[in-house]
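Per the working numbering, residue 3 is the first one in the sequence shown, and the count goes up by one each step.
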Amino acid sequence: MKSTSIITFTTFACAASAFVIPQARDTSSSSTIDDTVVLNYALTLEYLESAFYTGALNNFTEDDFTNDGLPQWARGRFEQIAAHEQAHVQLLSSALGANATQACNYSFPYTSPSSFAALSQLLEGVGVSAYAGAAQYVTSKAYLTTAAVILSTEARHAAWVAGPVNKENPWSGPFDTPLGLSTVYTLASQFITSCPSTNPSLPVKAFPALTFANASPGEAANVTADGVSAEGQYIAFFSGLSTTFVQVQNGQVVVPNATSLYAVLTSSNSTADDSTITAGVAVLQFPFNSNGTFSTSTGDSSMNVEV
3 MKSTSIITFT TFACAASAFV IPQARDTSSS STIDDTVVLN YALTLEYLES AFYTGALNNF
63 TEDDFTNDGL PQWARGRFEQ IAAHEQAHVQ LLSSALGANA TQACNYSFPY TSPSSFAALS
123 QLLEGVGVSA YAGAAQYVTS KAYLTTAAVI LSTEARHAAW VAGPVNKENP WSGPFDTPLG
183 LSTVYTLASQ FITSCPSTNP SLPVKAFPAL TFANASPGEA ANVTADGVSA EGQYIAFFSG
243 LSTTFVQVQN GQVVVPNATS LYAVLTSSNS TADDSTITAG VAVLQFPFNS NGTFSTSTGD
303 SSMNVEV
């Protein structure tokens with residue numbers, strides 16, 4: 003089975019790398035991550051999402067949505083999501099007070115309401131994984147509750163965009179996939195063109211791009227990494243609470259049978275963290291139909307999203 007739709011932002015990521023993005027501290031030590039860091043990390047993502055929705059709604063009318071094949075009611079719901087993201091920004095900014103990071107400048111590669119909806123699905127899914135992965139660092143019970151109620155709302159957004167709007171499965175399985183701070187930072191930073199120099203730094207690093215070609219569940223896919231030899235290294239596939247390591251041989255890896263995967267290139271066959279990851283992250287999504295089987299039919303098609 004081959005993927006019937008491919009969305010890639012690799013070219014955009016390369017262009018964006020020349021600009022000033024949120025400052026990163028090259029470290030993976032959890033001792034440097036306190037509640038203020040976690041909330042600023044979350045605020046960085048919420049600023050991005052807020053700008054994403056506000057910009058698209060300013061560009062596209064309801065007629066633009068319907069003429070592009072989206073439901074008549076889609077734009078109204080996206081307006082509500084935009085309001086949610088702004089409320090998240092206000093809540094986190096208030097909690098941080100004078101320590102709050104400021105909004106950056108952004109550029110998003112959508113060109114139509116349908117490409118905006120596809121990118122919305124990706125960003126909402128990453129947002130859920132970001133909060134799930136960062137929860138381990140929160141020590142304040144009040145902040146943990148704040149993160150939890152934002153996370154649950156982001157998950158509702160992700161399910162709605164994937165299901166009613168994009169006509170795909172609204173979930174990937176019984177568990178969402180927690181992602182590390184640097185993994186999420188790598189995905190988000192490609193949409194950020196510049197930031198205030200006074201913004202606090204984050205304990206993260208951005209990894210080189212990782213690209214899959216002809217990826218399908220259970221089949222061999224070609225894999226390449228920018229400026230890094232993938233041969234002999236390992237692809238760590240994150241899905242739910244599980245991680246599968248597959249060695250790159252002859253430029254290929256066999257993709258696990260899963261509906262949604264985050265993949266990174268790592269030098270280790272058992273660890274994938276800031277000390278071992280050499281490229282990534284790629285996002286692979288293979289929608290399934292109502293019978294629980296992978297589908298290639300129109301409206302319920304497989305999608306390989308590479309970042």
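The beta-carbon is built from N, C-alpha and C at its ideal position, and this holds for glycine as well.
Practice prompt. With DSSP as the reference, label Gln235 as helix, strand or coil.
Written response: coil
Discussion item. Taking 8 Å as the threshold (C-beta atoms), are Cys106 and Ile237 in contact?
Written reply: no
Worksheet item: Whose CA, out of Gly242, Ala149 and Trp162, lies closest to the CA of Gly175?
Response: Gly242
Worksheet item: Hey, Pro210 and Phe239: beta-carbon distance below 8 Å or not?
Response: no
Discussion item. Taking the straight line between their C-alpha atoms, what separation do you get for Gln251 and Ala208?
Written reply: 25 Å
Worksheet item: Would you say Val285 and Gln254 are within 8 Å of each other, going by their C-beta atoms?
Response: no
Worksheet item: Cα separation between Val22 and Ala190?
Response: With a pLDDT of 38 at Val22, under the threshold of 50, the modelled position of this residue cannot be trusted; read the value that follows with caution. So the two alpha carbons sit approximately 13 Å from each other.
Fill in: Pairwise C-alpha distance: Pro172 and Thr155
14 Å
Worksheet entry | Range covered by the alpha helix (DSSP H) that runs through Gly135 | Pro115 to Ala136
Worksheet item: Does the distance from the CB of Ile83 to the CB of His159 come in under 8 Å?
Response: yes
Worksheet item: Around the Cβ of Phe180, are there at least 16 other Cβ atoms within 10 angstroms (buried) or fewer (exposed)?
Response: Reading off the sequence shown, one finds Pro at residue 180, where the question assumed Phe. Buried, because 16 or more other Cβ atoms sit within 10 Å of the Cβ of Pro180.
Fill in: Gly294 to Phe177 span [Cα, whole Å]
16 Å
Worksheet item: From what residue to what residue does the alpha helix (DSSP H) around Leu59 run?
Response: Asp37 to Asn61
Worksheet item: Does DSSP classify Thr185 as helix, strand or coil?
Response: helix
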